[in-house]
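Visitor: In numbering that gives the first Met the number 0, the protein residues as written are 0 to 100.
Ideal Cβ positions, reconstructed from N, Cα and C, are used throughout, including at glycine.
On a predicted model such as this, the values are computed, not experimentally measured, just so you know.
Before we start, here is the structure in question, set down as structure tokens.
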Amino acid sequence: MKATQTNPQRLYALVALIPSGQVATYGQLASILGWGPRLVGRHMSHCPEGLPWHRVVNASGDCSIPDGEGRLIQRQRLLAEGVPLTRGGRVNLRLALWSGL
DNA sequence: CGAATGACAATGT
DNA sequence: TACATTGCCATTC
């Protein structure tokens with residue numbers, strides 16, 4: 000049964016491959032999976048635990064997650080991994096964007 | 001089945 | 001840089 004191609008498992012595996020100190024954008028992951036950018040965000044909003052979701056940011060290099068604890072956690076974790084953040088908690092995609100490899 | 005929604009992106013102003 | 005508009009695909013009402 001083919002059900003749907005929106006196999007979140009593939010997205011989760013990809014996110015788990017993001018090396019420490021680097022980040023990926025939703026569009027980047029979406030492009031690799033061939034999905035619409037909204038699909039990535041949809042699955043990421045319900046991602047399982049143990050997944051480095053904090054390494055995933057939007058094309059602006061900002062955290063797309065809603066205001067709250069997660070927002071602070073993401074910023075703290077990225078800094079702890081050596082990801083350069085600019086003022087406002089924005090990520091320097093120029094220096095930390097995952098090449099995907 | 002149609003309209004609305006969502007952790008987005010690209011483009012124009 | 002910030003805001004507005006349009007396109008994207010699946011889920012929900």
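Determine the extent of the alpha helix (DSSP H) in which Ala95 is found, giving its start and end residues.
Guide: As a position in the first sequence, residue 95 is number 96, starting the count at 1. Counting along the chain, the alpha helix (DSSP H) containing Ala95 begins and ends at 92-95.
Visitor: Can you check the segment 32-72 for any alpha helix (DSSP H) of at least 4 residues that lies completely inside it and give the ranges in chain order?
Guide: Taking only runs of at least 4 residues, the alpha helix (DSSP H) segments lying wholly in the segment 32-72 are 36-43.
Visitor: Check the C-beta distance from Gly26 over to Pro36 and give it rounded, since I have them as a contact under 8 Å.
Guide: Taking the first sequence and counting its residues from 1, the one referred to as residue 26 is at position 27. Taking the first sequence and counting its residues from 1, the one referred to as residue 36 is at position 37. About 5 Å separates the two Cβ atoms, so the contact holds.
Visitor: Just the C-alpha distance for Arg70 and Ala79, rounded to the nearest angstrom, thanks.
Guide: If you number the first sequence from 1, residue 70 lands on position 71. If you number the first sequence from 1, residue 79 lands on position 80. One C-alpha to the other measures close to 14 Å.
Visitor: Let's test the definition: count the other Cβ atoms within 10 Å of the Cβ of Thr85 and tell me whether it reaches 16, buried, or not, exposed.
Guide: The count along the first sequence starts at 1 and reaches residue 85 at position 86. With fewer than 16 other Cβ atoms within 10 Å, it is exposed.
Visitor: Within 10 Å of its beta-carbon, does Gln73 have 16 or more other beta-carbons around it, so buried, or fewer, so exposed?
Guide: Your numbering for residue 73 matches position 74 in the first sequence. Classification for Gln73: buried.
Visitor: Quick one: what's Leu77 bridged to in DSSP?
Guide: Mapped onto the first sequence, residue 77 falls at position 78. The partner list for Leu77 (beta bridge, DSSP) is empty, contrary to what the question assumes.
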